[in-house]
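J.: Protein chains in written order, with full-length UniProt numbering: chain A, 1 to 305; chain B, 1 to 305. Where is the CB? At the ideal position from N, CA and C, for every residue including glycine.
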DNA sequence: CTGTTAGCGCGTTCAC
DNA sequence: GTGAACGCGCTAACAG
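#1: May I have the straight-line CA-CA distance separating residue 313/A from residue 83/A, to the nearest angstrom?
#2: Among 112/B, 54/B, 72/B, 34/B, which has the Cα closest to the Cα of residue 81/A?
#3: Looking at the secondary structure, which residues open and close the alpha helix (DSSP H) in which residue 29/A lies?
#4: Using DSSP's beta-bridge definition, name the partner residues of residue 173/B.
#5: Mind pulling the chain B residues with CB within less than 9 Å of residue 306/A?
#6: Can you check whether the CB of residue 239/B is closer than 9 Å to the CB of residue 224/B?
#7: Would you say residue 147/B reaches chain A, if we count a Cβ-Cβ gap shorter than 9 Å as a contact?
#8: For a contact defined as C-beta to C-beta under 7 Å, what are the partners of residue 181/A on chain B?
#9: Report the three-state DSSP secondary structure of residue 253/B (helix, strand or coil).
#10: Return the chain-ordered ranges of every alpha helix (DSSP H) run that is complete within the region 36 to 83 of chain A and spans a minimum of 4 residues.
#11: Could you tell me which residues DSSP puts in a beta bridge with residue 210/A?
#12: So, under 8 Å CB-CB, residue 199/B and residue 216/B are touching, yes? Tell me the CB distance rounded to an integer number of Å.
#13: Do residue 24/A and residue 66/A count as a contact pair if the criterion is CB distance below 9 Å?
#14: Using a Cβ-Cβ distance under 9 Å, would residue 47/B count as near chain A?
#15: How about residue 95/B and residue 52/B: do their beta carbons lie closer than 9 Å?
#16: From residue 255/A to residue 298/B, what does the alpha carbon distance come to, in whole angstroms?
#17: Please report the residue range of the alpha helix (DSSP H) in which residue 97/A lies.
#18: Please classify residue 207/A as buried or exposed, where buried requires at least 16 other C-beta atoms within 10 Å of its C-beta.
#19: Can you tell me which of the three DSSP states residue 133/B falls into?
#20: Over the uninterrupted alpha helix (DSSP H) stretch that includes residue 245/A, give me the two end residues.
#21: So residue 50/A and residue 244/B are in contact, right, with Cβ under 8 Å, and what is the actual spacing, rounded?
#22: I want to know whether the region 276 to 292 of chain A touches the region 284 to 299 of chain B - three or more CB-CB distances under 8 Å.
#23: Using C-beta distances below 8 Å, list every residue in its chain close to residue 292/A, excluding the 5 sequence neighbours before and after it, in chain order.
#24: Would you list, in chain order, the members of the region 227 to 244 of chain B that have their beta-carbon closer than 7 Å to a beta-carbon of chain A?
#25: How many Å lie between residue 6/B and residue 277/B at the Cα?
#26: Chain A partners of residue 31/B, CB-CB under 7 Å?
#27: How do the region 260 to 275 of chain B and the region 53 to 60 of chain B stand: do at least 3 beta-carbon pairs fall below 8 Å, yes or no?
#28: For residue 45/B and residue 214/A, I'd like the C-alpha separation in whole angstroms.
#29: Find out if the Cβ-Cβ distance for the pair residue 209/B, residue 150/B is shorter than 9 Å.
#30: For a test of the three-state rule: what should DSSP assign to residue 157/B, helix, strand or coil?
#31: Tell me whether residue 168/A is buried or exposed, calling it buried when 16 or more other Cβ atoms sit within 10 Å of its Cβ.
#32: When you compare the CB of residue 256/A with every CB in chain B, is at least one pair closer than 9 Å?
#33: Distance, Cα to Cα, residue 138/A vs residue 268/A?
#34: Hey, quick one: how far does the alpha helix (DSSP H) through residue 260/B stretch, first residue to last?
#35: Under the DSSP definition of a beta bridge, which residues are partnered with residue 125/A?
#36: Just checking my contact of residue 306/A with residue 192/A at CB under 8 Å: how many whole Å lie between their CB atoms?
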């Protein structure tokens with residue numbers, strides 16, 4: 001085929017806006033150029049950010065992204081037409097068992113976990129432990145000693161991520177020779193408020209509060225505001241996520257760069273799908289403290305009269 | 001085929017976790033059971049909500065969702081492998097020309113616009129005009145007269161949605177016999193702050209501010225807080241979107257239920273794809289004022305000495 | 001290096 | 001009613 005013929009063909013293809021059918025080519029190559037992403041919901045800021053980064057990275061690699069929102073873990077794999085329909089599966093923030101992963105891998109090829117980890121499975125996640133440990137030390141360095149940790153806990157226990165965050169706080173407190181003070185409430189919009197309610201009813205409330213997530217911190221902030229407790233005047237408040245609301249509320253927090261998480265995952269998946277050997281199949285990304293105006297040195301103790 | 005054989009086949013399929021290849025079936029039927037969604041980005045709360053609702057509705061209809069994030073309008077259609085790869089196209093918040101729509105429809109089948117509208121094209125959007133008109137009346141009813149509108153404007157002009165919002169404000173003000181007062185800044189995080197800066201430098205600042213979106217209101221709120229202007233004490237502030245931050249900041253706003261927008265779009269697309277006649281191909285959804293604590297009656301004018 | 005052909009997995013049709 | 005054969009659009013392997 002001469003170059004000029006090539007050009008004519010190209011021009012014709014352009015003219016008719018021809019595009020190869022990945023449907024048909026996938027049929028013969030066995031590769032669909034599609035990656036299935038399973039996520040609890042697209043609505044929360046964190047998930048949306050991860051999937052956004054993922055989408056950009058996959059697009060760069062020439063892969064399309066199928067997004068599935070699945071609430072219940074049990075039936076998710078049955079409702080998904082996976083076999084022959086995607087080259088890989090990305091599970092965002094899903095606590096899967098090894099069996100579920102194996103089953104999924106059997107049907108959908110490589111499985112990559114985001115925000116969770118499972119021994120032997122490819123995963124991308126942040127260093128939750130270091131995040132809360134660093135956050136706790138930030139508060140310690142400001143001079144706080146009575147630092148409470150507020151978080152969510154379902155009846156079924158805590159996710160790996162939640163556990164790691166709690167442990168980071170515990171470790172930093174213990175290292176400093178201080179007693180950890182943990183309050184957990186059931187997840188949901190009222191979580192932070194309820195936790196603050198409990199803390200404020202204590203005879204000697206904390207001078208600083210570290211929340212498991214910005215969402216929890218948000219509720220806490222509202223409860224403190226409504227109770228007339230100045231932040232950071234009386235209580236310093238710190239979140240975890242760097243949610244949009246955090247900058248809105250000038251909330252000190254821990255940036256976990258979810259979009260980067262997604263982007264790194266995308267590159268990893270592309271390597272896996274396209275037969276390249278990824279340098280590392282289990283990536284842990286660092287986090288970063290973002291100091292803002294909701295944390296300050298504790299008010300001097302009023303000397304008793 | 002006897003029923004018992006059917007059952008045995010079903011059992012075997014279950015056992016081997018067999019799933020029909022939409023790839024192959026699409027090849028022969030011409031239907032891919034896939035819908036392409038094009039959205040500027042998944043990160044902003046509004047887009048994530050729309051796509052989330054869309055995903056749920058499509059899933060119910062047995063359709064998979066391909067998500068494409070595209071920033072630049074010009075090349076978006078070339079980068080997307082559309083032909084034979086999706087049954088329909090949903091464009092979220094993209095200002096398309098009729099030519100682009102026609103081209104897209106030629107390649108991807110039915111095109112549905114969300115958050116925008118184009119004569120003759122299927123679209124789902126909210127009543128922006130009624131939203132800002134209602135919001136303005138809310139402020140008028142509280143007793144405000146000097147009500148400013150702040151929004152964003154690029155060099156290229158305003159989107160239909162922005163224009164509709166501005167017009168709603170204009171109309172309500174004119175109806176009340178008051179002079180509209182509009183301040184627009186270039187979009188971005190600094191938009192609200194800059195607008196408030198301009199308003200506060202006026203010799204007689206407004207007593208109420210209506211923002212084009214919660215994002216703008218957010219910046220405005222921050223600027224007011226930093227300037228020590230009490231909200232709603234000195235200035236009432238109102239947003240538009242019912243973003244998460246709005247409830248966090250107790251901001252009065254206009255709920256536009258983006259997830260419902262997505263869900264309605266999903267049903268419409270499913271009807272179109274599956275050959276049903278949709279009842280209406282151009283849906284306008286109502287909005288609702290959400291009163292919170294950032295709006296109140298204006299402070300009594302201090303009588304001059 | 002170019003042109004031809006088989007067959008990927010499935011739905012439809014046509015013959016039985 | 002059941003079953004076989006064709007072809008959807010494409011790629012890979014092979015023959016010229």
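T.: The answer reads as follows:
#1: The first residue shown for chain A is 1 and the last is 305, placing residue 313/A beyond what the model contains.
#2: Walking along the first chain from the start, residue 81/A turns up at place 81. That would be 34/B, whose Cα lies nearest to the Cα of residue 81/A.
#3: Here residue 29/A refers to the residue found at position 29 when the first chain is read from its first residue. Run containing residue 29/A: 22 to 29, per the alpha helix (DSSP H) assignment.
#4: Mapped onto the second chain, residue 173/B falls at position 173. Note: residue 173/B sits in no beta bridge, so no partner.
#5: Nothing in the structure corresponds to residue 306/A, since chain A is present only between 1 and 305.
#6: As a first step, residue 224/B is located in the second chain; it is residue number 224 there, counting from the start. As a first step, residue 239/B is located in the second chain; it is residue number 239 there, counting from the start. No, the pair does not count as a contact, with Cβ atoms beyond the cut-off.
#7: Indexing the second chain from 1 puts residue 147/B at position 147. False, the Cβ-Cβ gap to chain A never drops below 9 Å.
#8: Within the first chain, residue 181/A is the residue found at index 181, counting from 1. Ordered by position in chain B, no residue passes the 7 Å Cβ test against residue 181/A, which lies about 25 Å from the chain.
#9: Here residue 253/B refers to the residue found at position 253 when the second chain is read from its first residue. In the structure shown, residue 253/B sits in a strand (DSSP, three-state: E or B).
#10: 45 to 60, 76 to 79
#11: Counted from its first residue, the first chain places residue 210/A at position 210. 149/A, 238/A, per the DSSP bridge assignment.
#12: Walking along the second chain from the start, residue 199/B turns up at place 199. Walking along the second chain from the start, residue 216/B turns up at place 216. Going by Cβ atoms, the distance from residue 199/B to residue 216/B rounds to 12 Å, so no, they are not a contact pair.
#13: As a first step, residue 66/A must be located in the first chain, where it is residue number 66. As a first step, residue 24/A must be located in the first chain, where it is residue number 24. No, the pair does not count as a contact, with Cβ atoms beyond the cut-off.
#14: Position 47 of the second chain, counting from 1, holds the residue named residue 47/B. Output row for residue 47/B: interface = yes.
#15: Stepping through the second chain from its first residue, residue 95/B is reached at position 95. Stepping through the second chain from its first residue, residue 52/B is reached at position 52. No, Cβ-Cβ distance for residue 95/B and residue 52/B is not below 9 Å.
#16: Counting from 1 along the first chain, the entry for residue 255/A is found at position 255. Counting from 1 along the second chain, the entry for residue 298/B is found at position 298. Cα-Cα distance, rounded: 39 Å.
#17: One-based indexing of the first chain puts residue 97/A at position 97. Where residue 97/A is concerned, there is no enclosing alpha helix (DSSP H), given that its DSSP letter is neither H nor E.
#18: Your numbering for residue 207/A matches position 207 in the first chain. It is buried - the Cβ of residue 207/A has at least 16 other Cβ atoms within 10 Å.
#19: To locate residue 133/B, count along the second chain from 1; it is residue 133. DSSP places residue 133/B in helix when its eight states are reduced to three.
#20: Here residue 245/A is taken as the residue at index 245 of the first chain, counted from 1. Its alpha helix (DSSP H) spans residues 244 to 248.
#21: Mapped onto the first chain, residue 50/A falls at position 50. Mapped onto the second chain, residue 244/B falls at position 244. Between residue 244/B and residue 50/A the Cβ distance is about 17 Å, and since that is not below 8 Å, they are no contact.
#22: no
#23: Here residue 292/A refers to the residue found at position 292 of the first chain. 246, 247, 250, 251, 252, 253.
#24: 244
#25: The residue given as residue 6/B occupies position 6 in the second chain. The residue given as residue 277/B occupies position 277 in the second chain. The alpha-carbon atoms of residue 6/B and residue 277/B are separated by roughly 34 Å.
#26: As a position in the second chain, residue 31/B is number 31, starting the count at 1. Ordered by position in chain A, no residue passes the 7 Å Cβ test against residue 31/B, which lies about 10 Å from the chain.
#27: yes
#28: For this step, residue 45/B is matched to residue 45 along the second chain. For this step, residue 214/A is matched to residue 214 along the first chain. Their backbone Cα atoms lie some 15 Å apart in a straight line.
#29: Counting from one through the second chain, the residue named residue 209/B turns up at place 209. Counting from one through the second chain, the residue named residue 150/B turns up at place 150. Yes, they are a contact pair.
#30: What you label residue 157/B is simply residue 157 of the second chain in a count that begins at 1. It is a strand residue.
#31: As a working note, residue 168/A is residue 168 in the first chain. Residue 168/A comes out buried.
#32: Stepping through the first chain from its first residue, residue 256/A is reached at position 256. Closer than 9 Å: no.
#33: The residue given as residue 138/A occupies position 138 in the first chain. The residue given as residue 268/A occupies position 268 in the first chain. Going from the Cα of residue 138/A to the Cα of residue 268/A covers about 33 Å.
#34: On the second chain, residue 260/B is found 260 positions in, with the first residue counted as 1. Its alpha helix (DSSP H) spans residues 258 to 273.
#35: Here residue 125/A corresponds to residue number 125 of the first chain, with the count starting at 1. 284/A, per the DSSP bridge assignment.
#36: This structure cannot speak to residue 306/A, because chain A is shown only from 1 to 305.
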